[in-house]
Amino acid sequence: MKFTKLGNTEISVSKICLGTMTWGEQNTEEEAFDQMNFAVEKGINFFDTAELYSVPPKKETFGNTEKIIGNWLTQKGNREKIILATKVVGRSGMKWFRNKETRLHESQIFQALEGSLKRLKTDYIDLYQLHWPDRKSNFFGKLGYQHEAEDDFIEIKTQLESLEKLVAQGKIRYIGLSNETPWGLMKFLSLSEKYSLPRVVSVQNPYSLLNRSYEVGLAEISIRERCGLLAYSPLAFGMLTGKYDDQRYPEGARLSIYKNIYTRYTKEKGVTSSKKYNALAKDYGLTPSQMALAYVNSKEFVTSNIIGATNLKQLDENINSINIELNKELLEKIDIIHEKQPYPCP
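Heads up: take any position in the sequence shown, counting from 1, add 8, and you land on the working numbering.
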């Protein structure tokens with residue numbers, strides 16, 4: 009396993025981060041335990057979860073994933089060896105979290121953290137992330153930006169002040185963002201510097217061969233500000249594994265179960281581009297997953313690549329991508345595909 013520093017901290021995290029969002033929905037607790045055991049054996053020390061998980065978000069299943077991780081940590085007694093990241097939901101109409109609209113008010117952040125600590129059976133979180141902005145912006149594949157001058161979003165300085173109190177209490181060590189824009193990231197960074205508030209150390213956004221939009225604006229910030237990307241959906245919901253190339257949906261696959269919910273990567277451009285990338289990987293003796301993940305791993309602005317799997321065979325293949333280096337010729341051919349069909353699934 010390879011390791012890198014988490015932002016400007018002294019924490020070393022594995023370049024591969026274990027994603028967890030299927031646990032408690034597609035995966036049982038026993039299967040999740042097997043995945044965590046296997047990941048640790050392979051050298052992974054970084055787990056990412058969220059109060060919202062498992063997915064898709066439902067009243068009946070929120071918090072399930074954190075509970076499973078908490079049970080595993082208790083069984084193993086190895087909390088200090090795991091860098092644990094979780095997230096508080098942003099602004100939404102999912103009232104089952106707080107019995108009202110979720111917002112990033114101090115009281116709701118505090119309530120969310122206490123719930124996560126209880127479910128995870130720990131007294132601190134290494135990286136506490138805001139799952140998506142409180143302000144109305146474009147994320148989760150939303151295209152375009154419609155500005156709302158009357159948007160009553162919680163001021164970013166106020167959010168940082170709330171998080172500062174939790175850092176001071178020792179309940180969280182560092183803070184991160186997710187589904188954020190260049191403006192949002194720079195605003196958080198500038199306000200933390202101006203007012204000596206906790207500094208954002210990571211951004212968890214989508215990044216894959218089908219969605220390289222992070223490279224425009226955010227990648228430069230990540231490098232210059234030492235605030236790296238935690239890349240999610242590096243396999244584009246399985247489109248970059250090759251299993252959907254014939255447009256048949258295997259039984260039990262995520263897009264088979266939730267085909268009508270998750271359409272970000274299944275539109276015509278996404279299907280066409282994924283087939284080209286998958287064929288290219290095979291031409292070079294790689295599986296589509298290996299090439300797609302190795303590509304993400306190679307980027308300087310990436311702190312860690314969040315990989316998920318529903319079985320150990322997938323997990324093993326995904327983790328082993330850390331040992332694959334793509335040669336110059338292959339990288340050039342990847343860019344040719346990208347230039348002909350740029351950003352098919354932003």
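We put the CB at the ideal spot given by N, CA and C, even for glycine.
Which term fits R143, buried or exposed, when burial requires 16 or more other beta carbons within 10 angstroms of its beta carbon?
By the neighbour-count rule (16 or more Cβ atoms within 10 Å), R143 is buried.
Could you spell out where the alpha helix (DSSP H) holding G123 opens and where it closes?
G123 -> alpha helix (DSSP H) spans E114 to L128.
Mind checking which residues open and close the alpha helix (DSSP H) that includes S281?
Run containing S281: E276 to D291, per the alpha helix (DSSP H) assignment.
Which whole-angstrom value describes the C-beta separation of M9 and I24, a residue pair presumed to lie in contact below a C-beta threshold of 8 angstroms?
M9 to I24, Cβ: 7 angstroms. Contact.
By the three-class DSSP mapping on this structure, what secondary structure does D56 have?
Of the three classes helix, strand and coil, the one that applies to D56 here is strand, per DSSP.
In the DSSP assignment, find the unbroken alpha helix (DSSP H) run with G192 in it and report its ends.
It spans P190 to Y203 - the alpha helix (DSSP H) in which G192 sits, taken as one unbroken run.
Please classify D56 as buried or exposed, where buried requires at least 16 neighbouring CB atoms within 10 angstroms.
That one is buried.
Quick one: grab the DSSP three-state call for P352.
If DSSP states are grouped into helix, strand and coil, P352 belongs with coil.
May I ask which residues mark the beginning and end of the alpha helix (DSSP H) holding G212?
Reading the sequence as shown, one finds Gln at residue 212 and not Gly. Element bounds for Q212: not the alpha helix (DSSP H) but the beta strand (DSSP E), V208 to P214.
At a threshold of 6 angstroms, does P258 count as lining the ligand ADP (C-beta to nearest heavy atom)?
With respect to small molecules bound, the structure shown includes none, and the ligand ADP cannot be examined in it.
Under DSSP, the alpha helix (DSSP H) around S186 begins and ends at which residues?
No alpha helix (DSSP H) holds S186; the beta strand (DSSP E) holding it covers I180 to S186.
Mapping DSSP to helix, strand and coil, what is W80?
In the structure shown, W80 sits in a helix (DSSP, three-state: H, G or I).
So, helix, strand or coil for F41, using DSSP?
Three-state result, F41: helix.
How is T249 classed by DSSP in three states: helix, strand or coil?
DSSP places T249 in helix when its eight states are reduced to three.
With distances taken from CA atoms, which of W80, T110 and I19 is nearest E59?
Measuring from the Cα of E59, the nearest candidate turns out to be T110.
Which residues in the same chain as A47 place their Cβ atom closer than 6 angstroms to its Cβ, once the five residues preceding and following it in sequence are excluded?
Same-chain partners within the cutoff: L26.
By the 10 Å Cβ neighbour count, where 16 or more other Cβ atoms means buried, how is K307 classified, buried or exposed?
Looking at its Cβ environment, which holds 16 or more other Cβ atoms inside 10 Å, K307 is buried.
So for I133, helix, strand or coil by DSSP?
Here I133 sits in strand by DSSP.
Evaluate Y61 with the Cβ neighbour count: other Cβ atoms within 10 Å of its Cβ, from every protein chain shown; 16 or more gives buried, anything less gives exposed.
Under this definition Y61 is a buried residue.
DSSP three-state call for V96: helix, strand or coil?
Correct three-state label for V96: strand.
On the DSSP bridge list, what partners appear for T12?
In DSSP, T12 forms a bridge with V21.
Quick check: the Cα distance between G98 and S124, rounded to an integer number of angstroms?
Each residue's alpha carbon lies about 15 angstroms from the other.
With a threshold of 8 angstroms, are at least 3 pairs of Cβ atoms found where one atom belongs to the segment 220-232 and the other to the segment 299-314?
A contact exists between the segment 220-232 and the segment 299-314.
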